[in-house]
Each structure stands twice: as C-alpha cells, then as structure tokens.
Amino acid sequence: MFSDFKKIPRRLYVGLGVTAIAYALFFMLTPYTCPIRAITGVPDPFCGTTRAWLAALQGNFGDAFWYHPLFLWAPLLLLVIILYMSTHKERYLFLSVVGVSAFLIIYLIRLTLFVIP
C-alpha cells in the first residue's frame, strides 16, 4: 500500500492544498459553517464533519458523533479515493464504493429524521 503513495501525482497534492486553504478562508471570512448549505440551503452528506473533528479535538466525543457519526471515516475515505484515482486498483474501488455508500445511507437517515445540526 505504501508504494501506491508514490504514484499520486504532485498536482493532486497541490490541488488538495489549495482546496484546504480556500475552505479555511471560507470559514474565517463568512459566518456560515458549511459552504454547500450556505449556497444551496440543503446540507451535504459531509455536513457536520468539520464541527465533529473540532469537537473531538477538544475531547467532546459525544458532540463529535452528534455532529457527524462517520467523521472518523472522512479522511480515510478521501485517502482511499485518492489511491484509487492514482492506481486504479480494484480494492480501492471497492473500499471507495463502500465508504461513499455508508455516507449516503447516514445522510438519508439524518435527512429523514431532521437531525443534521
């Protein structure tokens, strides 16, 4: 698996860095907590993940799981998707599909129960 990291193009790292900086600037310069929700009015499947990580880093794991029950999976899912995009190996495709499906199922449950904070 570690040899697969060498196949990730440098421009992908740059793109992720630029995206992270833009996302951080959005949070610092606007009163909104979610860019998708601010623009469309509808939360996205990852809504609450950033707040969940902030709560977990402060030791509030109950709050973290309330904000998003799959917040621990988000970075792992991103890593698996990046590995699949760079290597096109079947195992990464399977893990990507399972991870995205889990987020979509939780998203639909949260939308149905109106519990997206």
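Each residue of the sequence shown is one higher than the one before, counting from 6 in this note's numbering. Note that beta-carbon positions come from the ideal geometry of N, C-alpha and C, so glycine has one too.
Bounding residues of the alpha helix (DSSP H) (the contiguous stretch that carries residue i)
i, result
"residue 68", "66–72"
Backbone CA spacing between residue i and residue j [nearest angstrom]
i, j, result
"residue 68", "residue 52", "14 Å"
"residue 66", "residue 27", "27 Å"
"residue 106", "residue 19", "27 Å"
"residue 25", "residue 118", "31 Å"
"residue 92", "residue 41", "29 Å"
"residue 98", "residue 79", "16 Å"
"residue 43", "residue 49", "11 Å"
"residue 60", "residue 90", "31 Å"
"residue 75", "residue 23", "25 Å"
"residue 54", "residue 113", "16 Å"
Per-residue burial, residue i [other beta carbons within 10 Å of its own, 16 or more giving buried]
i, result
"residue 34", "exposed"
"residue 45", "exposed"
"residue 64", "exposed"
"residue 73", "buried"
"residue 57", "buried"
"residue 47", "exposed"
"residue 85", "buried"
**Request:** Enumerate, from N- to C-terminal direction, the unbroken alpha helix (DSSP H) stretches of 4 or more residues contained entirely within the region 42–107.
**Result:** 54–62, 66–72, 78–92
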